[in-house]
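Participant:
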Amino acid sequence: MGQVIRSHLGAVLEQHGITAYKLSKAIAEAYGDQAIKQQTVYAVVKGNGVPDARTLNQIITALRGLTGRELQVGDLLDWVPDSEVAS
98 MGQVIRSHLG
108 AVLEQHGITA
118 YKLSKAIAEA
128 YGDQAIKQQT
138 VYAVVKGNGV
148 PDARTLNQII
158 TALRGLTGRE
168 LQVGDLLDWV
178 PDSEVAS
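Just add 97 to wherever you are in the sequence shown, counting from 1, and you've got the numbering used here.
1. Leaving out five residues on either side along the sequence, give the residues of the same chain with a beta carbon under 7 Å from the beta carbon of Ala117.
2. Are there 16 or more other CB atoms within 10 angstroms of the CB of Ile102, so buried, or fewer, so exposed?
3. Just reading off the alpha helix (DSSP H) that Arg161 is part of, what are its end residues?
4. Hey, out of Pro178, Lys122, Ser104 and Asp172, whose CA is closest to Gln135's CA?
5. Measure the beta-carbon distance from Thr158 to Ala127 and round it to whole angstroms, keeping in mind my assumption that it falls under 8 Å.
6. So, are the CB atoms of Leu168 and His105 less than 8 Å apart?
7. What's the C-alpha gap between Ile237 and Glu181?
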């Protein structure tokens, strides 16, 4: 079975003219030594794996600050039914 949660973070960043690097720096500034790693941000941008709650919280919080928009989890992730997932 393939992945049933898909990230659209890359598209959201592109839409707002934000790089993954800029996002990871905003997260680091906001969360200090509790920040998720830069490589985690890049993995979510590439759609590798499903981010956990802590990762989503930090990404969305930083994106809200960078964009001025009230982004939600649904703006970044889509659920795909098993029947539509290619193995």
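Cβ coordinates follow ideal geometry from the N, Cα and C atoms, glycine included.
In this text the structure is predicted, and so the values were computed from the model without any measurement.
Facilitator: Taking the structure as given:
1. Excluding positions up to five away in sequence, the list reads Leu110, Val138, Tyr139 and Val142.
2. exposed
3. Looking at the DSSP string, the run of the alpha helix (DSSP H) that includes Arg161 is Ala150 to Thr164.
4. Lys122
5. 7 Å
6. no
7. Nothing about residue 237 can be reported from this structure: the residues present for the chain run from 98 to 184 only.
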